[in-house]
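Read the structure below first, then the notes.
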Amino acid sequence: MDYINGCTFGFMSRRGFTGRVNWQDSLQKMKESTLCDTAVLAVASLQDDEHSLDVQYMTDDVMSMDDVRHMIRECKRLGLKVLVKAMVNCRNGVWRANIRFDSDEDWFRWFSSYGNFVCELAETAAEEKAEMFCVGCEMIGADGREKEWRKLIRDVRSIFKGPLTYNCDKWQEDKVKWWDAVDAISSSGYYPINEISENFLRIKTVSEKYDRPFFFIESGCPSRDGSENAPYDWTYGGELSLEAQRKWYKAFCDELLKNPWIRGSVWWDWPARLYPVEHAVNPGYCMYGKPAAEVLREYSRAVGSREHS
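In structure tokens form, the structure reads like this:
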């Protein structure tokens, strides 16, 4: 599997944003600032709450398939590879990992609704020749529905002929039981700075058990004092600290370089509407204009030298 040096772009952009926002400039800056070679386009459908059976993707608060097409084409123009990722969020703010139902009937109805979205997105990705497709993200409450995931993956394979993955959450890599159904294992690598190496070792056993390559499809750290100890929590920590973000990125990238069996990492995240560089003193995940961006450029150069030697 080719190494994936990526960044997530445009998450939660609204319908029609490619016709309004100067997103092309943001995408260009993402490539220049991180030296990444892959854009992950995270397309999030929405449902009203964690109990809703209706997954919606034709509403004004969800980017359109035309938006996805425009993004893929611009990525290709810039020489970026593309991974399209299907997601679902809850409008009430509850994390998608808490989507759960009590009956098989409700699970059937939810997967049918979610599957309609995933398959249409997969068709768009296939038509625009994306390199990879991800069928879902951090669905801890649904991870145990093995039969439904296997069916969805079969349905997607009939549409998208490239490699498939699923994005499990941190600490869940060894809990998903259907990794054999996808081509690569991927997870969200928001591990505390003092737990990075031990989790890499744990994940390696999963990759070997299922004989599948592994990569981090999400990784990152906010810019708050203490964020390096809980990088998965965008509300955790104290005052603004660009150094906390830089320190986490340096530790994570150093560990990646020591473990070439890990076939990549995708950084979270880069908005379609980018803040001015003079506003880089913010507590968010985006690395633009922050010391962490230089860490990523050094990492990208090292990965490029290793992978192409």
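Mapped onto the working numbering, the consecutive letters of the sequence shown carry residue numbers 6 to 314. The beta carbon of each residue, even a glycine, is placed where N, CA and C say it ideally should be. Every value quoted in this text rests on a predicted model; they were computed, and no experiment measured them.
Buried versus exposed call for residue i [16 or more other C-beta atoms within 10 Å across all chains shown]
i      : result
Asn172 : buried
Arg251 : buried
Thr13  : buried
Trp100 : exposed
Asn199 : exposed
Val286 : exposed
Arg159 : exposed
Asn103 : exposed
Gly242 : buried
Arg268 : buried
Lys263 : exposed
Glu37  : exposed
Glu203 : exposed
Thr240 : exposed
Cross-strand partners of residue i (DSSP beta bridge)
i      : result
Glu223 : Ser193
Leu46  : Phe14 and Val89
Arg229 : Leu245
Phe165 : Looking at the DSSP assignment, Phe165 forms no beta bridge with any residue, so it has no partner.
Ile9   : Gly269
Thr129 : Answer is none; Thr129 lacks a bridge partner.
Cys124 : Paired residues: none, contrary to the question.
Reference residue i; option with closest CA among the options
i      : options                           : result
Arg82  : Glu133, Cys124, Ile208 and Leu261 : Glu133
Pro218 : Arg229, Tyr195, Asp185 and Gly242 : Asp185
Trp272 : Leu262, Pro281, Cys258 and Pro288 : Cys258
Tyr8   : Phe165, Val87, Gly225 and Ala285  : Val87
Leu157 : Glu37, Ser117, Trp253 and Glu299  : Ser117
Phe106 : Glu136, Ile145, Leu85 and Glu125  : Ile145
Leu206 : Leu261, Asp238 and Pro227         : Leu261
Tyr290 : Asp274, Leu279, Glu110 and Ser305 : Asp274
Met6   : Trp115, Ala189, His56 and Asp179  : Ala189
Val60  : Trp112, Asp238 and Cys80          : Trp112
Val67  : Lys180, Ala47, Pro288 and Ser228  : Ala47
Trp266 : Glu312, Pro227, Arg229 and His75  : Glu312
Ser212 : Ala235, Ser31, Gln177 and Trp28   : Gln177
Gly149 : Val181, Asp238, Ala44 and Glu143  : Val181
Ser228 : Ser246, Asn204, Thr170 and Tyr293 : Ser246
Lys152 : Ser192, Asp109, Gly194 and Ser163 : Asp109
Ala44  : Glu55, His56 and Ser31            : Ser31
Gly167 : Phe138, Asp174, Ser193 and Ser192 : Phe138
His56  : Met17, Gly24, Gly98 and Thr39     : Gly98
Val187 : Gly194, Thr170 and Met35          : Thr170
Nearest-angstrom Cα separation, counted from residue j out to residue i
i      : j      : result
Val26  : Arg20  : 11 Å
Phe22  : Lys214 : 42 Å
Ala135 : Tyr62  : 20 Å
Ala249 : Ala297 : 9 Å
Trp183 : Glu283 : 46 Å
Ala276 : Tyr254 : Note that residue 276 corresponds to Pro in the displayed sequence, not to Ala. The alpha-carbon atoms of Pro276 and Tyr254 are separated by roughly 19 Å.
Pro281 : Thr210 : 43 Å
Asp179 : Asp42  : 28 Å
Trp115 : Ala307 : 44 Å
Asp238 : Ser232 : 8 Å
Val89  : Asp230 : 32 Å
Cys80  : Arg155 : 30 Å
Val123 : Val161 : 8 Å
Tyr196 : Asp65  : 34 Å
Ser305 : Gln33  : 16 Å
Ile77  : Glu125 : 15 Å
Ala147 : Lys175 : 15 Å
Gly2   : Ser270 : Since the first residue shown for the chain is 6 and the last is 314, residue 2 is missing from the structure and cannot be characterised.
Trp28  : Met292 : 16 Å
Ser310 : Leu58  : 48 Å
8 Å Cβ cutoff, residue i in contact with chain C
i      : result
Glu132 : Of the chains in the structure shown, none is chain C; there is only one protein chain.
query = Are the stretch 44-51 and the stretch 90-98 touching by the rule of at least three beta carbon pairs closer than 8 Å?
reply = Touching, per the Cβ criterion.
query = Counting Cβ pairs, one atom from each stretch, are 3 or more of them under 8 Å apart for the stretch 129-147 and the stretch 57-77?
reply = Flag = yes, the stretch 129-147 and the stretch 57-77 touch.
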